[in-house]
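Structure record follows, encoded as structure tokens.
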Amino acid sequence: MTDQPLVERFNLRSRLRFNIETGQIWLDENRMLLMHAKAFGALRQQLWESLGGQRAKGLLFRMGFVAGQNDAELAAKLYGEGDIYDVFKIGPEMHAFEGLVRPTIVEADIDWEEGTFFGQVHCENSWEAESHLQLFGGSDEAVCWNMAGYASGYVTQFFKRVIIFREIKCTCCGDECCVLEGRPLEAWGDDPFLQHCVLADGEDTRFEDLQAELWQIRTDRFEISPRGKLVGSSPAFSAAFDLLAKAANSPITVLLLGETGVGKEVFARWLHENSDRSDKPFVAVNCAAIPAELIESELFGVQKGAYTGAHASRAGKFERADGGTLFLDELGEMSAAAQAKLLRVLQTGEIERLGDDKMRQVNVRLVAATNMNLQQAIAEGRFRADLYYRLAIYPLEIPPLRERKSDIPVLARTLTEKYAPLYHKTIQGISDLAIQELMDYDWPGNVRELENLVERAVLLVPSGGEIEVEHLFPGAGQSLQMGAPVDRHGQVGNASEAKRNQLYEALLEGDFDLQKHEARLLQLAVERANGNLTHAARMLGLTRRQLAYRVKQARER
Ligand SMILES: [Zn+2]
Numbered sequence: 005m006t007d008q009p010l011v012e013r014f015n016l017r018s019r020l021r022f023n024i025e026t027g028q029i030w031l032d033e034n035r036m037l038l039m040h041a042k043a044f045g046a047l048r049q050q051l052w053e054s055l056g057g058q059r060a061k062g063l064l065f066r067m068g069f070v071a072g073q074n075d076a077e078l079a080a081k082l083y084g085e086g087d088i089y090d091v092f093k094i095g096p097e098m099h100a101f102e103g104l105v106r107p108t109i110v111e112a113d114i115d116w117e118e119g120t121f122f123g124q125v126h127c128e129n130s131w132e133a134e135s136h137l138q139l140f141g142g143s144d145e146a147v148c149w150n151m152a153g154y155a156s157g158y159v160t161q162f163f164k165r166v167i168i169f170r171e172i173k174c175t176c177c178g179d180e181c182c183v184l185e186g187r188p189l190e191a192w193g194d195d196p197f198l199q200h201c202v203l204a205d206g207e208d209t210r211f212e213d214l215q216a217e218l219w220q221i222r223t224d225r226f227e228i229s230p231r232g233k234l235v236g237s238s239p240a241f242s243a244a245f246d247l248l249a250k251a252a253n254s255p256i257t258v259l260l261l262g263e264t265g266v267g268k269e270v271f272a273r274w275l276h277e278n279s280d281r282s283d284k285p286f287v288a289v290n291c292a293a294i295p296a297e298l299i300e301s302e303l304f305g306v307q308k309g310a311y312t313g314a315h316a317s318r319a320g321k322f323e324r325a326d327g328g329t330l331f332l333d334e335l336g337e338m339s340a341a342a343q344a345k346l347l348r349v350l351q352t353g354e355i356e357r358l359g360d361d362k363m364r365q366v367n368v369r370l371v372a373a374t375n376m377n378l379q380q381a382i383a384e385g386r387f388r389a390d391l392y393y394r395l396a397i398y399p400l401e402i403p404p405l406r407e408r409k410s411d412i413p414v415l416a417r418t419l420t421e422k423y424a425p426l427y428h429k430t431i432q433g434i435s436d437l438a439i440q441e442l443m444d445y446d447w448p449g450n451v452r453e454l455e456n457l458v459e460r461a462v463l464l465v466p467s468g469g470e471i472e473v474e475h476l477f478p479g480a481g482q483s484l485q486m487g488a489p490v491d492r493h494g495q496v497g498n499a500s501e502a503k504r505n506q507l508y509e510a511l512l513e514g515d516f517d518l519q520k521h522e523a524r525l526l527q528l529a530v531e532r533a534n535g536n537l538t539h540a541a542r543m544l545g546l547t548r549r550q551l552a553y554r555v556k557q558a559r560e561r
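Heads up: the sequence shown is residues 5 to 561, going by the numbering used here.
Here's what the structure looks like:
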């Protein structure tokens, strides 16, 4: 069936979902908007009036470009399901599917190997031309800038080469239909539109920079955080960060509190790197990872011959951190003996190696951390109260991730950028649906859990692709209710239909016998109608005669 529309052949319709309960429309993992063409038209008009024609055209073009790029990625996912040229041709159909225009490719001269391209597309029912006619009247130049941008973005993304479409005929100019022509950027020469509209801000950009410029639309959406690795701008996170920043340039002992995985070590490192000790060592010790009998020698060092097996003298972490910062993580796990020694170091500023009688001066800024409730540990006699008061001069609670969910998109993006090069991947970003799933999750393991998930997703995503739900939560199935599908006549399904489908699915799972089910349904309908065959037939969508015939047949079986 070659004349079957590609959107049907690739079953794109099954990827379009309406979820009325959550107020979301999804096309695959992209969130879509069902907007009034009039509203979009009004925005378009406002752009013209407030920014002038040149800039408005450029903005509309680039907006279309992003839409085209996203659809090209969706098309690329259909690879393997069909011929590459068919997959390519799905772009114009998607544009029609989304209701913006009905394009038909009339000429396509593509050499995938050589990278040459010439294309001509006839476009009917351009919403943009209609809107322009309504709000501005006719025009002596083509007006479908957004449409041209879409075609350019789609082909550029698909072809991995900058291909620009220009509109050479437009219904706004009195032409029969709008016509787009696409060529590689350099083939358009010194076109003023390309110079001033396509290139951001029309600056003196060379052709070589354009590729990078165009990709930037997608990749550099956020500024790099001035907080370094501490990523976030939610109120809860910002409050914690402000406290941290105030402590940076002082020797004050800081006690970091918070659930496991909130990023205590990252906070401690930031504190060190932004203090006047930043050129001195930062030494981190995880007290829970060291056996109780070794913690003292680890922290304070050993003198040769202190115990059997102490063949050489060794400096402890305190000495190694001299002049710098010592980070003691999981402080609550420390033994009573170690607690007593730590207290003495804090009081005197001197340490004593195991088996040594010499006191050594150390200048260490201490940052301690725990996820334990220390007050409770004190009440239960597991932690020294006097040590607690020494350490808790400047307590700082780091919020759990579920209390700073607005930071998740930026965090996930930052982590993606961190891991992509480690796995030699180019990643286009994270899908809208994947972000939504990340936002809906409660993160008991906090930022560390998010980091693990993103790292695994980076490993699983194909290079050049976008991180999707299945990469983040493999095998979890679709936990999100994406909503009802649309049938081929454009009817949106509804919840009761979905329920009915579930019922049919369940029926098919057992030993299915259509005749038995039919007989049972007929019987039920007749019972409900108190034996009135006319009513029962109406219930079943049959005529009375058809019902009588079937009942008779069922009885004879
Ligand atoms: Zn047009």
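Heads up, the beta-carbon is just placed ideally off N, CA and C, and yes, glycines get one too. Note that the structure is predicted; figures quoted are calculated from it, not measured.
Within 8 Å, strictly: CB atoms of residue i and residue j
| i | j | result |
| --- | --- | --- |
| Glu-111 | Phe-121 | no |
| Ala-488 | Phe-101 | no |
| Val-287 | Lys-321 | yes |
| Lys-284 | Asp-333 | no |
| Cys-174 | Cys-148 | yes |
| Glu-354 | Arg-369 | no |
| Gly-45 | Gln-138 | yes |
| Gly-186 | Ala-155 | yes |
| Leu-198 | Ile-168 | yes |
| Glu-300 | Lys-345 | yes |
| Arg-408 | Ala-240 | yes |
| Gly-359 | Tyr-311 | yes |
| Arg-388 | Gly-305 | no |
| Trp-274 | Leu-248 | yes |
| Ile-114 | Ala-244 | no |
| Arg-524 | Leu-537 | no |
| Ala-558 | Glu-522 | yes |
Minimum C-alpha distance to residue i - residue among the options
| i | options | result |
| --- | --- | --- |
| Pro-96 | Tyr-553, Met-151, Ala-381, His-539 | Met-151 |
| Leu-78 | Leu-64, Ile-94, Tyr-89, Asp-87 | Ile-94 |
| Asn-290 | Leu-335, Glu-132, Arg-388 | Leu-335 |
| Arg-17 | Arg-106, Ala-325, Asp-32 | Asp-32 |
| Gly-72 | Tyr-158, Glu-12, Ile-109, Val-11 | Tyr-158 |
| Ile-109 | Trp-52, Leu-63, Cys-177, Cys-182 | Cys-182 |
| Gly-468 | Ala-76, Gly-193, Val-371 | Ala-76 |
| Lys-422 | Met-338, Val-458, Phe-387, Gly-479 | Val-458 |
| Ala-372 | Asp-360, Leu-347, His-315, Gln-365 | Leu-347 |
| Asn-129 | Leu-82, His-99, Gly-142 | His-99 |
| Val-451 | Ala-146, Glu-263, Gly-328, Ala-243 | Glu-263 |
| Val-270 | Lys-233, Leu-248, Asn-253 | Lys-233 |
| Ala-296 | Ala-340, Glu-180, Val-473 | Ala-340 |
| Ile-439 | Leu-464, Leu-463, Val-473 | Val-473 |
Residues of its chain near residue i, where Cβ-Cβ distance is below 6 Å and the 5 sequence neighbours each way are ignored
| i | result |
| --- | --- |
| Asp-515 | none |
| Ala-529 | Ala-540, Met-543, Leu-544 |
| Gln-161 | Gln-73, Ala-76 |
Residue i versus residue j - alpha carbon distance
| i | j | result |
| --- | --- | --- |
| Gly-206 | Val-414 | The predicted position of Gly-206 is uncertain, since its pLDDT is 44 and thus under 50; no value can be drawn from it. |
| Gly-68 | Leu-104 | 11 Å |
| Leu-184 | Pro-466 | 32 Å |
| Ser-279 | Ala-424 | 31 Å |
| Asp-194 | Lys-61 | 17 Å |
| His-517 | Ala-552 | Looking at the sequence shown, residue 517 is not His but Asp. For Asp-517 and Ala-552, the distance between alpha carbons rounds to 21 Å. |
| Arg-386 | Gln-380 | 9 Å |
| Gln-432 | Cys-127 | 29 Å |
| Lys-556 | Arg-13 | 43 Å |
| Glu-53 | Lys-250 | 47 Å |
| Val-235 | Glu-277 | 16 Å |
Neighbourhood of residue i by C-beta, 7 Å cutoff - its chain only, sequence neighbours within 5 removed
| i | result |
| --- | --- |
| Ile-397 | Ile-256, Thr-257 |
| Pro-399 | Leu-259, Leu-261 |
| Ile-434 | Ala-416, Arg-417, Thr-420, Glu-470, Ile-471 |
| Leu-10 | Asp-90, Lys-93, Ile-94, Glu-97 |
| Ala-41 | Trp-131, Ser-135 |
| Gly-309 | Gly-359 |
Beta-carbon proximity list for residue i, same chain, < 8 Å, skipping 5 on both sides
| i | result |
| --- | --- |
| Leu-47 | none |
| Leu-454 | Leu-405, Ile-412, Leu-415, Ala-416, Leu-419, Leu-442, Trp-447 |
| Ala-293 | Glu-334 |
| Gly-142 | Cys-176, Cys-177, Gly-178 |
| His-428 | Ser-467 |
DSSP beta-bridge partners of residue i
| i | result |
| --- | --- |
| Tyr-398 | Val-258 |
| Ala-373 | Leu-260 |
| His-126 | Thr-108, Val-183 |
| Trp-192 | Paired residue(s): none; Trp-192 is not in a bridge. |
| Phe-614 | With the chain represented from 5 up to 561, any question about residue 614 goes unanswered, as that position is not in the structure. |
| Glu-354 | Gln-365 |
Cutoff 8 Å: residue i Cβ touching any chain B Cβ
| i | result |
| --- | --- |
| Leu-82 | The question asks about chain B, but that chain is absent: this structure has only one protein chain. |
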